[in-house]
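Engineer: For the sequence shown, position 11 matches number 91 in the numbering used here, and the numbering has no gaps at all. All C-beta atoms, glycine included, are put in the ideal place defined by N, C-alpha and C.
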Amino acid sequence: MKVRFETFGCRLNRAEALAMQAGFESRGWKTAKHAADADLIVVRGCSVTARAQRDCEKFIESLKRAFPMKRLIVTGCMKEKKNEFILKDVPKDEIPTFTARAYLKVQDGCSGKCTFCIVPKFRGAPASVPFDEAVAKASRFIEAGYHEIVVTGCNLSLYSSQGKGFPDLVDALASIAPENCRIRIGSLEPGAGAIETVNAMAAHENVCRHLHLAVQSGSPRILAAMHRPYKVSDIDDITSEAKRLMPGIGLGCDMISGFPQETETDHYSSVVFVNRIGFTKGHVFKYSERPGTMAASFSGQVPRDIRSRRAHELANAMDKMRRTAAKGFIGKTVRIVVEDEKSVAGWTSEHFWCVANAQRSGADAYGSRRREFADMKVTSAVGHALFGEVVGG
C-alpha cells in the first residue's frame, strides 16, 4: 500500500505530516512520489487566510476529479466531517528518517480570543505533550542521527506540563542535545513567558540564534482591536533582551496588513516598528475575513487594494533589512545542516540560506552527509542568500 502526503501551511502542519508519514511507514506503507501512484492521499490543509483555504479547496477538488476512486483524508487546519472515522485509524507518530531536520511537536490548540483568527476552531483548546515524553522523543531524534530539532506547536507560549512551561522545555532539550545537535524554536507568541524563553535560549549555545515572533501589528490601537495579549512595548523589551544576550540574532515576525479600521497612521506605525526592531525575516499577510470571527463583522473594512499596497510596503521594509543583514555575514564562518545530497547547502543558525560556491555532486564526500553539520566561510551575499567555502575540507 502507498500513501501520498500533500501539506499546506506552517511548520506545525509539516511536523504532523512527517509524524503521520513515519507512522504509516512503520506499518509497512510506502510513500508515493505522486498522487497517481498512491492508494491513500492525505491533505493537511490550511485555513489561516481565505486565500490559503481557497487554494487548498481547489487542490482537493482537483484531486477528486483526477482520482475519483482513491481514498482521501483532509486534515490539519481544514477538516471534512466524513474523514473523522478514518483519522482514528491513523498510526501513532514514530521517528521519521527521511528529512534533513527533525520536527518535534510539543503543543497544539489555543485559548486565545484574537478577533481575526479561525485556527482555534480547528485546533481546539490548548494541549501539551507531557514534558518527559517530549524530552524522550527528542532523545530518539538525536539517537537517529539528527543534527537539528525544530520545536513546533500551535502556540508554544501555552506549553504547560508537569508544572513546567516552555522555557523549561527549551532548557531541557538543549541540555540533552550534544554539541553536534542544535535546537530551533518555531514561531513564538510574544506574551507571557517570552522573556524567560529568550533567557533559556541564551543560556545554551546549541539553541539557534533565531527568534520568530507572531507580532501582527506595530500599532497599539490595532493590537488592542485584535485582542492580542501584549503591547508594542512588550515586543521592544523581548527583542532588546534577545539582541543584548545574543548579538547578531536573527529576528522574524508575522504581520497583518489592512486589519479593519487600520488607518494610514496605524500602517505607518507598523512600518516604523519593523524598521526600529530590525526584523530580518517576515511573513506578511493581507487581512482576510474569516466567517465566524469577530473581526469579520467589524465596520471599517479596508479596501483590498489598500491591504495589498500596505502588505507590499511592509514586506519591502523587511526585505531591505534582510539583504543588509545578509551582507553582514561576509567574512564570517557559519554552521549549516546539510539539506541536499547534491550540494552543500542549508540554513544558518540565524535562518539564512547558505550555499557552497562549488556545487558538489552526489558522489562527493558531502553527498553522504545530509543532515550533518558543515561550517562555511561566507564570501558573498546575493539577495538573502549567502555563498561561501566549506571550512575544514
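1) Exposed or buried, which one is V352 when buried takes at least 16 other CB atoms within 10 Å?
2) Would you report the Cα separation of L98 and Y183, rounded to the nearest angstrom?
3) Excluding the 5 residues preceding and the 5 following D346 in the sequence, name in chain order all residues of the same chain whose CB lies nearer than 7 Å to its CB.
4) Count the CB pairs spanning the region 334 to 349 and the region 375 to 384 that are closer than 8 Å, and state whether there are at least three.
5) For F165, name the three-state secondary structure that DSSP assigns.
6) Among residues of its own chain, excluding the 5 on either side of G426, which ones have a beta-carbon nearer than 6 Å to its beta-carbon?
7) If you follow the beta strand (DSSP E) that L268 is in, where does it begin and where does it stop?
8) Per DSSP, what kind of secondary structure is I198 in: helix, strand or coil?
9) Just to confirm my understanding: we take A212, look at its own chain, exclude 5 residues before and 5 after, and list those with CB closer than 8 Å. What are they?
10) Smallest Cα separation from F196: which of Q296, A102, E137 and T155?
11) Using the three-state DSSP reduction, which class does R440 fall into: helix, strand or coil?
12) Are the beta-carbon atoms of G156 and T87 separated by less than 9 Å?
13) Flag this pair as yes or no: are the beta carbons of G411 and V458 separated by less than 9 Å?
14) Hey, quick one: how far does the alpha helix (DSSP H) through Y348 stretch, first residue to last?
15) Tell me whether H431 is buried or exposed, calling it buried when 16 or more other Cβ atoms sit within 10 Å of its Cβ.
16) Here's a check: name, in chain order, each residue in its chain whose Cβ is nearer than 6 Å to the Cβ of K185, leaving out the five neighbours to either side.
17) Would T428 be called buried (16 or more neighbouring beta carbons within 10 Å of its own) or exposed?
18) Once you ignore the five residues that flank F246 on each side, which residues in its own chain have a CB closer than 7 Å to its CB?
19) Can you tell me whether H227 is buried or exposed, with buried defined as 16 or more other CB within 10 angstroms of its CB?
20) Considering H392, what are the terminal residues of the beta strand (DSSP E) in which it resides?
21) Please confirm whether D188 and A214 have their CB atoms less than 9 Å apart.
Structural biologist: Straight from the coordinates:
1) The residue you call residue 352 lines up with position 272 of the sequence shown. By the 16-neighbour rule on beta-carbons within 10 angstroms, V352 is exposed.
2) Counting from one through the sequence shown, the residue named residue 98 turns up at place 18. Counting from one through the sequence shown, the residue named residue 183 turns up at place 103. Our two residues, L98 and Y183, have alpha carbons roughly 8 Å apart in a direct line.
3) If you number the sequence shown from 1, residue 346 lands on position 266. Setting aside the 5 residues that flank it on each side, D346 is surrounded in the same chain by S299, R301 and I302, each with a C-beta closer than 7 Å to its C-beta; the list follows chain order.
4) Yes: at least three Cβ pairs fall under 8 Å.
5) Position 85 of the sequence shown, counting from 1, holds the residue named residue 165. Reliability fails at F165, whose pLDDT of 45 lies under 50, so the model's placement of it is uncertain and the value that follows must be treated cautiously. Of the three classes helix, strand and coil, the one that applies to F165 here is helix, per DSSP.
6) Taking the first residue of the sequence shown as position 1, residue 426 is located at position 346. Closer than 6 Å at Cβ, skipping near neighbours: I416, V417, V418 and E419.
7) Residue mapping note: residue 268 aligns to position 188 of the sequence shown, counting from 1. Note, L268: premise wrong, no beta strand (DSSP E); not H, not E.
8) Indexing the sequence shown from 1 puts residue 198 at position 118. Per DSSP, reduced to three states, the secondary structure at I198 is coil, with no helix or strand assignment.
9) Here residue 212 refers to the residue found at position 132 of the sequence shown. With the sequence shown as reference, residue 212 is identified as Asp, and Ala is not the correct amino acid for it. So the list reads Q242, once near-sequence residues are dropped.
10) The residue labelled residue 196 in the question sits at position 116 within the sequence shown. Ranked by how close their Cα comes to the Cα of F196, the residues Q296, A102, E137 and T155 have Q296 in first place.
11) Position 360 of the sequence shown, counted from the first residue, corresponds to residue 440. Residue placement at R440 cannot be trusted, given a pLDDT of 47 that sits under 50; the coordinates are not used to answer.
12) Position 76 of the sequence shown, counting from 1, holds the residue named residue 156. Position 7 of the sequence shown, counting from 1, holds the residue named residue 87. With contacts defined by Cβ atoms closer than 9 Å, G156 and T87 form a contacting pair.
13) Position 331 of the sequence shown, counted from the start, is the residue given in the question as residue 411. Position 378 of the sequence shown, counted from the start, is the residue given in the question as residue 458. Judged by beta-carbon spacing, V458 lies within the 9 Å limit of G411, meaning their Cβ atoms are closer than that value.
14) Reading the sequence shown from its first residue, position 268 is the one you call residue 348. Looking at the DSSP string, the run of the alpha helix (DSSP H) that includes Y348 is E344 to I357.
15) For the purposes of this step, residue 431 is taken as the residue at position 351 of the sequence shown. Classification for H431: buried.
16) Looking up residue 185 in the sequence shown gives position 105. Closer than 6 Å at the Cβ level, and outside the excluded window around K185, lie A95 and T232.
17) Within the sequence shown, numbered from 1, the residue matching residue 428 stands at position 348. The residue in question, T428, is buried, as its Cβ has 16 or more Cβ neighbours within 10 Å.
18) By 1-based counting over the sequence shown, the position of residue 246 is 166. If we look at F246 and ignore the five residues flanking it on each side, its Cβ neighbours are L236, S237, Y239, G273 and T277.
19) Counting from one through the sequence shown, the residue named residue 227 turns up at place 147. Buried, by the Cβ-count rule.
20) Translated into positions along the sequence shown, residue 392 becomes position 312. Per DSSP, H392 is not a residue of any beta strand (DSSP E); the alpha helix (DSSP H) it occupies stretches across R384 to K407.
21) Within the sequence shown, numbered from 1, the residue matching residue 188 stands at position 108. Within the sequence shown, numbered from 1, the residue matching residue 214 stands at position 134. No; because the gap between Cβ atoms is not below 9 Å, this pair is not in contact.
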